[in-house]
Amino acid sequence: MLTALDKRLLEEVADLHGEPPGAFNIRKDGKGVERRSLEGIEIKPKTDQPGIDVIVAPGKEGTVHIPVIMTETDLSDLVYNKIDIGRESDITLVAGCGIHNPGSGKAQHDGVHEIIVRRGARLIYTEKHFGEGEDGGKRVLNPKTVLVIEEGGYAELELVQIRGVDQTTRVTEVEVKAGGRLVMYERLLTDKEQTADSDVLVKLMAEESTARIVSRSVAQGSSKQSFNPRLLAYGPGRGHVECDSIIMGQATVRSVPEIWAKNAAAELVHEAAIGKIAGEQLIKLMTLGLTEKDAEEAIISGFLR
Amino acid sequence: MLSLENINLELEVEERRVPILHDINLQLEAGKMYALTGPNGSGKSSVARVAMGIYKQTAGKVIYNGEEISDWSISERARRGIGYAFQHPPRFKGMLVKDMLELAMKYADSANCQVLRDIGLCPDDYIERALDNSLSGGEIKRIEIATLLAQDPKVRIFDEPEAGIDLWSFEQLIDVIGSSHREDATTVIISHQEKILNMVDEIVLIKDGTVSMRGDRKTIWPQIKESAECSCRNDCRLEGEIYADCPR
């Protein structure tokens, strides 16, 4: 039975209002609490380690929600999920983790997602992370996503960390085969003493494989961020990495994008920028009647859209 | 409606105080359209920025509807009906055209959703566009003007609205600024453009940081003709029409 707090966390990370449409698995405080499979979308718990297998049959369309919520302090949860998107299927998958830490102990979730997007399949994958607490206990989230996009497949990853996560180490590894396409949006906001490290490694394996990586972040307070997106082309693929950060207060941001072509026909581009909010941007919005604080928020929310 | 009284302005440039405006006196009445003109660097935009509260004058007063507003913030002036379309509008990553128009209409008395069409941009094509480098200089400038039209303030200040805009759009721009001018509003256009100088009730010539002359077109035009027109202009005329894309 989900409490009002559980429902609010689910709304925050998975945009869920009531029972999810389609197949779903809700994990709370280290245990699966509700689950529904559908014909062609099977969700089953692993027997040898914590986590689930999501198996989508070829040609299937639908949505899958697999959010995680944590409501206890002094809790560490490690989960391995395997997601298999069958050939020519079209799936929207919403993952994500919301932590409400009621005490002063640490609440940590480490999630490993192994995803395969089979030939000609299409996956829209959203993962939102959110933390809050009452008594100063740390909220830690360490997601690892390992994705393989087979020939002609398409995957769009939207990886978002909303407010309140004290520490995160994010690892994303993607292998894009011939004719496969990856679009990845990463959006991160840190404040106070929070830290965020994101390592992304995308390998373009063969001809017509493409990747577009857009990372946008806002670092406030005394927070620290570090980005290391790497794009490797083994074949004649095309890729673009864009890292863009707004830095505020006493925060620090380190951005080290890397592009590495191992084939003469590869085309790779990277752009990286770190800067504060421009004074003219604030003034423009203030001339519309916004206070300086509201103008700052409007700029940040547009930037992290 | 809006008066600047004995305005002096100094700005800090590379750790040096640089005088920008001296003893500016300007009374702008409701229902009238004004053009501020003058050479580059004469202080026209600085006058607008003092009126908007972006620059704080070193001496003098800004009076709005009989009340001194020198200490009002930019936001307060905007909410009370003063608006300013930038000469060089900033770009915003991620923020959409519709976000900007919605923000502009948040504190407005009336909502005007037709503004994009009015300035010659198809709303369907532009409303979801980001206000970033994907827009050309002319597009961003037109959206800036649309934003001021959406805001629809009592005092409308357009800073070189024609800059970067192609000739066809320029005609449309003049029409829309003229037709949206209301009897209870004051329109101020900073411009060198002859056609804009022709449409206003009064021209104010700013030179060396002060008001050097004001009057109607007949009085002022002969004084500024030299600097407003370029020597190549005749080369750009074909059967009386200007055919080159001229920023002046």
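Protein chains in written order, with the working numbering: chain A, 840 to 1144; chain B, 1147 to 1394. Every residue gets a Cβ at the ideal spot worked out from N, C-alpha and C, and that includes glycine.
Item	Value
Verify whether the separation of the beta carbon atoms of D845(A) and K867(A) is less than 8 Å.	yes
Determine which residues of the region 1101 to 1114 of chain A have a Cβ less than 7 Å from any Cβ of chain B, and write them out in chain order.	none
Within 8 Å, do at least three Cβ pairs link the region 1317 to 1330 of chain B to the region 1153 to 1160 of chain B?	no
Are the region 1297 to 1309 of chain B and the region 1275 to 1282 of chain B touching by the rule of at least three beta carbon pairs closer than 8 Å?	no
What does a CB cutoff of less than 7 Å around D1169(B) pick up in its chain, not counting 5 residues either side in sequence?	N1152, N1154, T1356
Under 8 Å between C-beta atoms, does M1147(B) make it to chain A?	no
Taking the alpha carbon of D916(A) as the reference point, which residue from T931(A), R978(A), S928(A) has its own alpha carbon closest?	R978(A)
Straight-line CA distance for V872(A) to Q888(A)?	17 Å
Would D1270(B) be called buried (16 or more neighbouring beta carbons within 10 Å of its own) or exposed?	exposed
So, do the region 1181 to 1200 of chain B and the region 1127 to 1136 of chain A have three or more beta carbon pairs nearer to each other than 8 Å?	no
For chain A, is any of its Cβ atoms less than 8 Å away from the one on Y1180(B)?	no
Take N1102(A) and list the residues in its own chain whose beta-carbon comes closer than 7 Å to its own, dropping the five residues that flank it on each side.	A1072, Y1073, G1074, P1075
What alpha helix (DSSP H) runs, 4 residues minimum, are completely inside the region 1309 to 1338 of chain B?	1313 to 1326
Looking at V1208(B) and V1196(B), is the spacing between their C-beta atoms short of 8 Å?	yes
Spell out a yes or no on whether the region 919 to 934 of chain A and the region 959 to 967 of chain A are touching, meaning 3 or more CB-CB pairs, one atom from each, closer than 8 Å.	yes
According to the Cβ coordinates, are K1178(B) and E1348(B) closer than 8 Å?	yes
Hey, V1022(A) and I1139(A) are a contact pair by Cβ (cut 8 Å); roughly how many whole angstroms apart?	Incorrect: roughly 23 Å between the Cβ atoms, too far for contact.
List the residues of chain A that K1252(B) touches, going by C-beta distances under 9 Å, in chain order.	L1127, G1128, L1129
What are the residues of the region 1210 to 1240 of chain B that lie near chain A, defined by any Cβ-Cβ distance shorter than 7 Å?	I1220, S1221, A1224, R1225, G1229, Y1230, F1232, P1235, P1236, F1238, K1239, G1240
CB-CB under 6 Å to L1027(A), same chain, minus the five flanking residues each way: which ones, in chain order?	Q1000, A1035, S1056
If you reduce the DSSP assignment to three classes, tell me which class D1217(B) lands in.	coil
Which of helix, strand or coil does DSSP assign to K797(A)?	The structure shown has nothing for residue 797(A), since chain A only spans 840 to 1144.
Is it buried or exposed, Q1064(A), if we count other Cβ atoms within 10 angstroms and call 16 or more buried?	buried
Check whether the Cβ of L1351(B) lies closer than 8 Å to any Cβ atom in chain A.	no
Count Cβ pairs between the region 1259 to 1269 of chain B and the region 1106 to 1121 of chain A that sit closer than 8 Å; are there 3 or more?	no
Just to confirm, is the Cβ distance from H797(A) to N920(A) under 8 Å?	Since the first residue of chain A shown is 840 and the last is 1144, residue 797(A) is not available in this structure.
So, for K1244(B): in the same chain, excluding its five sequence neighbours on each side, which residues have a beta-carbon less than 6 Å away from its beta-carbon?	I1273
My parser needs the beta strand (DSSP E) runs of 3 or more residues fully inside the region 1001 to 1052 of chain A; what are they?	1006 to 1015, 1020 to 1029, 1034 to 1043
I'd like to confirm the pairing. Which residues does DSSP put opposite A1090(A) in its beta bridges?	BP columns for A1090(A) are empty, so no partner.
So, is E1329(B) buried or exposed, given that buried needs 16 or more other C-beta atoms within 10 angstroms?	exposed
Is R1195(B) helix, strand or coil by DSSP?	helix
So K1123(A) contacts chain B; which residues on that side make the cut at Cβ distance below 7 Å?	F1232, P1235, P1236
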